[in-house]
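Below: the structure, in structure tokens.
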Amino acid sequence: MNKLQYKRWKEFATGMAKNYPNATERRRQRLLAEVNNWFGWHDDGSWKYYVSWDVSRKIHKDDRYSANLCCDIFKESFEKYNHYDEDCDRYEEGKFWTQLACCIRAGLDCAAEPKTGVIGFTISDLKSFFNESIPKWISISFGTNLNKCDPSESIWL
Numbered sequence: 004m005n006k007l008q009y010k011r012w013k014e015f016a017t018g019m020a021k022n023y024p025n026a027t028e029r030r031r032q033r034l035l036a037e038v039n040n041w042f043g044w045h046d047d048g049s050w051k052y053y054v055s056w057d058v059s060r061k062i063h064k065d066d067r068y069s070a071n072l073c074c075d076i077f078k079e080s081f082e083k084y085n086h087y088d089e090d091c092d093r094y095e096e097g098k099f100w101t102q103l104a105c106c107i108r109a110g111l112d113c114a115a116e117p118k119t120g121v122i123g124f125t126i127s128d129l130k131s132f133f134n135e136s137i138p139k140w141i142s143i144s145f146g147t148n149l150n151k152c153d154p155s156e157s158i159w160l
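Each number in the working numbering comes from the position in the sequence shown (counting from 1) with 3 added on.
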């Protein structure tokens, strides 16, 4: 990941948190606070290792350690939002955890290595993340001008 991709990732995740569909204003504020925490932790340059949600790389050939996967760092960082399900005898992701993961993952995947990993959003939702105009860098990865698409059309981010 380069600096421009990091900037785009941050912009996307922040916009999504601020405008998360069907969330209360209180929930959006909590999402935004945690998204800001996430990027505060990564402003040290650790983002350079990420290729996508579940792919990382070494920066230099002589690096002694492989980079941690973003998905693993995320799971460890936000496990407090999981809950124990006695019926299944295991921990399950809670609703807030899932919404937060959508912000971080969709932003990373769209900014760094476009692919479809997050579902349940529409063109209208995506527009709301960016003040009603989807940036060209996102449209290019989908091969069409998303601003001209039907706002109710579903999109995989």
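Beta carbons: idealized from backbone N, C-alpha and C, even for Gly.
**Item:** Per-residue burial, residue 36 [other beta carbons within 10 Å of its own, 16 or more giving buried]
**Value:** Within 10 angstroms of the beta-carbon of residue 36 lie fewer than 16 other beta-carbons, which makes it exposed.
**Request:** For residue 106, count neighbouring C-beta atoms within 10 Å of its own C-beta (all shown protein chains included) and say buried if the count is 16 or more, exposed if not.
**Result:** Classification for residue 106: buried.
**Asked** Using a Cβ-Cβ cut-off of 8 Å (strictly less than) and excluding sequence neighbours within five positions of residue 31, which residues of its own chain qualify?
**Response** Within the same chain, Cβ atoms closer than 8 Å to the Cβ of residue 31 are found at 20, 21, 22, 23, the five residues on either side in sequence being excluded.
**Prompt:** Which same chain residues, not among the five before or five after residue 137, have their C-beta less than 7 Å away from its C-beta?
**Reply:** Contacts found: 129, 130, 149, 150.
**Message:** Pull the bridge partners of residue 86 from the DSSP assignment, please.
**Reply:** Note: residue 86 sits in a beta bridge opposite 95.
**Message:** Comparing C-alpha positions only, which one of 25, 159, 146, 112 sits nearest to residue 15?
**Reply:** It is 112.
**Request:** Go ahead and label residue 18 buried or exposed: buried means 16 or more other beta carbons lie within 10 angstroms of its beta carbon, across all protein chains shown.
**Result:** Looking at its Cβ environment, which holds 16 or more other Cβ atoms inside 10 Å, residue 18 is buried.
**Request:** Return the Cβ separation of residue 12 and residue 104 in integer angstroms, given the expectation that the two are a contact with Cβ distance under 8 Å.
**Result:** In this structure, residue 12 and residue 104 do not form a Cβ contact; the two beta carbons are roughly 14 Å apart against a cut-off of 8 Å.
**Prompt:** Considering only C-alpha positions, which residue in the set 79, 135, 109 is nearest to residue 123?
**Reply:** Answer by Cα proximity: 109.
**Asked** Terminal residues of the continuous alpha helix (DSSP H) containing residue 142?
**Response** Per DSSP, residue 142 belongs to the alpha helix (DSSP H) from 139–145.
**Message:** Closest to residue 59 by C-alpha separation, out of 47, 75, 44, 46, would be which residue?
**Reply:** Minimum Cα distance to residue 59 is reached at 75.
**Prompt:** In its own chain, which residues sit with a C-beta less than 8 Å from the C-beta of residue 97, not counting the 5 before and 5 after it?
**Reply:** Closer than 8 Å at the Cβ level, and outside the excluded window around residue 97, lie 84, 85, 86.
**Residue range of the unbroken beta strand (DSSP E) whose run includes residue 55** = Counting along the chain, the beta strand (DSSP E) containing residue 55 begins and ends at 53–55.
**Request:** Use the C-beta contact count for residue 44: other C-beta atoms within 10 angstroms, 16 or more gives buried, fewer gives exposed.
**Result:** When all chains shown are included, residue 44 counts as exposed.
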